[in-house]
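K.L.:
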Amino acid sequence: MREDAELVRAFAGRDPSAAASLYDRYAGRVFGLGIVMLGNATQAEDLVQDTFVKLWRSAGAYDPARGSLDTWVLLVARSLAIDTLRRRVLERRTLSRSEEPLEAPPEHGPEARAETADLAERARRAMATLTPGQRAALELAYFGGKTSAEVAELEGIPIGTAKTRIRTALLRLREAMGADRAM
Amino acid sequence: MSLDHEAVQEMLAARALHALDDAERVEADAAIAAHLRGCDECREATEGLEAVAADLALVAPPRRPPRLLEGRLRREIRVRGPRRRSVPDRWVAGVVASVLVAAVAGLAIWNAHLTDRVTTAEQRSANTAELIATVSNPASRTVPLITAPAGGPRAQVSAAYIPGHRRLYLFGYLPEPSPGRVYEVWLARNGVYWDAGTFLPDERGLVFVRIVTDPRRFDTLLVTLEPAGGAPAPTGPAVVTAQL
């Protein structure tokens with residue numbers, strides 16, 4: 000398997016095999032994130048397209064020393080999804096509506112790499128360690144693209160409590176995922 | 000140190016999740032930058048929290064995207080190499096040229112590049128249409144950015160926006176930065192800087208940056224050269240700037 004930095008460089012240079020490799024590895028992940036965050040397949044498709052175009056245009060900014068390729072790709076995707084969410088001024092989508100039936104991971108390609116699958120499992124386990132209040136605040140902020148103030152309003156709690164729940168949840172996740180990594 | 004440790008960590012967590020609105024982010028960035036200078040723990044926490052935020056995306060189960068999407072994407076980024084200019088592209092390029100020349104006399108150099116470069120990428124056509132819609136609006140404002148000495152003579156960038164709309168566009172020409180460097184856009188109000196993101200010109204130096212914010216909330220726009228990945232506050236040389 001190519002080194003990530005080399006893969007990104009080749010992608011920036013329009014190497015078809017690099018593009019195919021990145022697509023196989025991340026398109027399903029980004030599309031799945033889009034379904035959860037945006038709640039419909041059309042916008043999830045746009046998210047995949049926008050993400051790859053942005054990755055291509057900003058490939059020169061990728062620095063493997065600052066984080067993994069997984070991290071970079073998913074941060075770009077989530078940031079774009081939040082932009083989309085925040086443009087929906089009038090929409091009042093609930094998280095429960097976005098939880099569509101699970102579908103098996105894509106069959107094709109090597110995107111379900113063991114390392115990523117393992118990280119995904121650790122992330123899910125870490126989420127399970129949160130209190131219901133922390134989890135709700137985190138999900139609203141993370142997958143719902145809500146600001147702290149909007150989380151407070153939706154949860155009917157003071158904004159300070161919302162901020163504290165978000166902070167505590169994220170710190171607990173960091174600890175839980177770090178501990179898992181050490182095992 | 001202006002804020003206590005816990006308050007800064009709340010800001011760090013909210014910022015990592017993008018759970019701050021624009022105004023909060025301006026304040027948070029300034030407070031965090033001030034605090035990080037004297038707090039190793041928070042400096043380490045910053046990258047850790049952002050990494051956790053990225054890992055959280057993996058909680059969403061992967062889904063198979065439609066088969067046609069990959070082909071659409073390949074066309075978009077032209078991984079199969081350059082293609083011939085199509086008739087619609089030429090038409091778009093012509094419209095771009097005429098509208099922009101009429102609307103913004105000061106953009107001749109950018110426009111000359113644009114008519115040439117708009118040939119293939121659908122994304123660029125979409126960007127161009129968006130920009131045309133903005134600069135051709137009678138209420139729009141176009142502000143030429145002043146080239147700072149470090150920016151060199153080849154920089155030519157303007158900002159455009161429609162008052163009341165939450166979009167600010169940067170467009171024009173900038174030389175390719177040296178390896179490992181990127182351009183970073185900053186918006187400032189009363190001396191407090193807000194990081195509006197990093198960008199690189201395309202292979203010919205053309206710039207198109209869309210910033211989702213109300214520009215009237217800021218008094219200054221600044222572009223600096225920063226290390227790849229960007230900086231939490233302006234550290235590099237100023238390239239172009241404007242009073243909004």
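Chains as they are written, first to last, in numbering that gives the first Met the number 0: chain W, 0 to 182; chain C, 0 to 243.
The beta-carbon is built from N, C-alpha and C at its ideal position, and this holds for glycine as well.
Out of curiosity, what's the CA-to-CA distance linking Asp39/C and Ala30/C?
P.N.:
The straight-line gap from Cα to Cα measures roughly 15 angstroms.
K.L.:
What first and last residue would you give for the alpha helix (DSSP H) that runs through Glu43/C?
P.N.:
Element bounds for Glu43/C: Asp39 to Leu55.
K.L.:
Going by other Cβ atoms of all chains shown within 10 Å of its Cβ, with 16 needed for buried, is Gly80/C buried or exposed?
P.N.:
Bear in mind that the predicted position of Gly80/C carries a pLDDT of just 41, short of 50, making it unreliable; the figure below should be weighed with that in mind. So Gly80/C counts as exposed.
K.L.:
Against chain W, which members of the region 197-212 of chain C pass a CB distance test of less than 9 angstroms?
P.N.:
Those would be Thr197, Phe198, Leu199, Asp201 and Val211, in chain order.
K.L.:
Need the endpoints of the beta strand (DSSP E) that Gly171/C sits in, please.
P.N.:
That run of the beta strand (DSSP E) goes Leu167 to Tyr172.
K.L.:
Any C-beta of chain W sitting closer than 7 angstroms to the C-beta of Val239/C?
P.N.:
With 7 angstroms as the cut-off, Val239/C does not count as an interface residue toward chain W.
K.L.:
Using DSSP with H/G/I as helix, E/B as strand and the rest coil, what is Ala187/C?
P.N.:
If DSSP states are grouped into helix, strand and coil, Ala187/C belongs with the strands.
K.L.:
I need the boundaries of the beta strand (DSSP E) containing Ala158/C, first residue and last residue.
P.N.:
Unbroken beta strand (DSSP E) run through Ala158/C: Gln155 to Tyr160.
K.L.:
In the region 128-139 of chain W, which residues sit with their C-beta less than 7 angstroms from some C-beta in chain C, listed in chain order?
P.N.:
Listed in sequence order: no entries.
K.L.:
Excluding sequence positions up to five away, which residues of its chain have a Cβ less than 8 angstroms from the Cβ of Ala147/C?
P.N.:
The residues are Pro236, Ala237, Val238, Val239 and Thr240.
K.L.:
Quick one: measure Cβ to Cβ for Ala140/W and Ala18/C, integer angstroms, because I've assumed they're closer than 8 angstroms.
P.N.:
That belief holds up - the Cβ atoms of Ala140/W and Ala18/C are roughly 4 angstroms apart, short of 8 angstroms.
K.L.:
Could you tell me whether the region 12-26 of chain C touches the region 148-166 of chain W, where touching means 3 or more Cβ pairs closer than 8 angstroms?
P.N.:
A contact exists between the region 12-26 of chain C and the region 148-166 of chain W.
K.L.:
With distances taken from CA atoms, which of Pro162/C, Gln155/C and Ala132/C is nearest Arg140/C?
P.N.:
Per the Cα distances, Pro162/C.
K.L.:
Ala168/W and Ala125/W - do their beta-carbons sit closer together than 7 angstroms?
P.N.:
Contact flag unset, no.
K.L.:
Taking Cβ to Cβ, would you say Leu169/C is nearer than 7 angstroms to Val181/C?
P.N.:
Not a contact, by the Cβ cut-off of 7 angstroms.
K.L.:
Using CA coordinates, which residue listed in Leu224/C, His164/C and Tyr160/C is at the minimum distance from Val184/C?
P.N.:
Ranking Leu224/C, His164/C and Tyr160/C by Cα distance to Val184/C puts Leu224/C first.
K.L.:
Along the chain, which unbroken stretches of the alpha helix (DSSP H) at least 4 residues long are found entirely within the region 4-36 of chain C?
P.N.:
Those alpha helix (DSSP H) runs which fall completely within the region 4-36 of chain C and span 4+ residues are 4-15 and 21-35.
K.L.:
Please state the DSSP three-state secondary structure of Ser85/C.
P.N.:
Since pLDDT at Ser85/C reaches only 38, below the 50 mark, its modelled position is unreliable, and no value is offered.
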